[in-house]
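K.L.:
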Amino acid sequence: MRSTSATLWCKDGAAKPDKDTVSDVRTRDEESTDGALRCRHCGLAIARQADLLHLDGSPSVQVFTNPAGLAFEICTLSDASHLREVSEPTSDYSWFRGYCWQIVVCVGCTSHLGWRFDAVDGDASPARFYGLKWADLVAPQTN
Ligand SMILES: [Zn+2]
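Count the sequence shown with the working numbering and you get residues 6 to 148, in order.
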């Protein structure tokens, strides 16, 4: 008991100069593995990698083409934040049958990051999800 408090005070100078450096490294690791998918344009955290959604067993990143012929790599997510809807819901040309969509932009930089999909049929599951452009997100390093 007495020796514990004695140890606290007895750091004997330069014996362990690396302590602070070690804790710095740990903090940085926690940040890089928090699983956040970030806006590529402003760095705002948009979603968590844990929220990637596999609809009907599909991969969570799929390629879709819009009526104008533009192809997008879309990742489906069960939840997302820091997004704002900037269009009225419509089910015209919806990539997901039974869902209407709205354009969503990043609240940080107003870049068009993707679409929010809401089930038209109340029984559909999930009732809502997001389809975001993979190329506009930065995924955490996984290696
Ligand atoms: Zn942004």
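The beta carbon of each residue, even a glycine, is placed where N, CA and C say it ideally should be. Every value quoted in this text rests on a predicted model; they were computed, and no experiment measured them.
So is the beta-carbon of Gly119 under 6 Å away from any non-hydrogen atom of ligand 1?
P.N.:
Taking the first residue of the sequence shown as position 1, residue 119 is located at position 114. No.
K.L.:
Beta-carbon within less than 7 Å of Leu75's beta-carbon, same chain only, minus the 5 sequence neighbours each way: which residues are those?
P.N.:
For the purposes of this step, residue 75 is taken as residue 70 along the sequence shown, with counting starting at 1. Answer for Leu75: no residue qualifies.
K.L.:
Evaluate Asp141 with the Cβ neighbour count: other Cβ atoms within 10 Å of its Cβ, from every protein chain shown; 16 or more gives buried, anything less gives exposed.
P.N.:
As a position in the sequence shown, residue 141 is number 136, starting the count at 1. Its Cβ being crowded by 16 or more others within 10 Å, Asp141 is buried.
K.L.:
On the DSSP bridge assignment, give the partners of Ala76 in chain order.
P.N.:
Residue 76 sits at position 71 when you count from the first residue of the sequence shown. Paired residues: Thr70.
K.L.:
Between the alpha carbons of Glu36 and Cys47, how many angstroms are there, rounded?
P.N.:
Here residue 36 corresponds to residue number 31 of the sequence shown, with the count starting at 1. Here residue 47 corresponds to residue number 42 of the sequence shown, with the count starting at 1. Model confidence at Glu36 stands at a pLDDT of 40, short of 50, so the residue's coordinates are unreliable and nothing is read from them.
K.L.:
Please confirm if Phe77 has its CB atom under 7 Å from at least one CB of chain D.
P.N.:
Protein chain content of the structure displayed is limited to a single chain, and chain D is not contained in it.
K.L.:
From the DSSP output, read off the bridge partner residues of Asp141.
P.N.:
Here residue 141 corresponds to residue number 136 of the sequence shown, with the count starting at 1. Bridge partners of Asp141: none, in fact.
K.L.:
Roughly how many angstroms lie between the CA atoms of Leu137 and Glu93, to the nearest whole one?
P.N.:
To locate residue 137, count along the sequence shown from 1; it is residue 132. To locate residue 93, count along the sequence shown from 1; it is residue 88. Using only the alpha carbons, I get a separation of about 17 Å.
K.L.:
Which residues count as close to ligand 1 when the rule is a CB under 6 Å from any of its heavy atoms, in chain order?
P.N.:
Cys44, His46, Cys47, Leu49, Cys111, Gly113, Cys114 and Ser116
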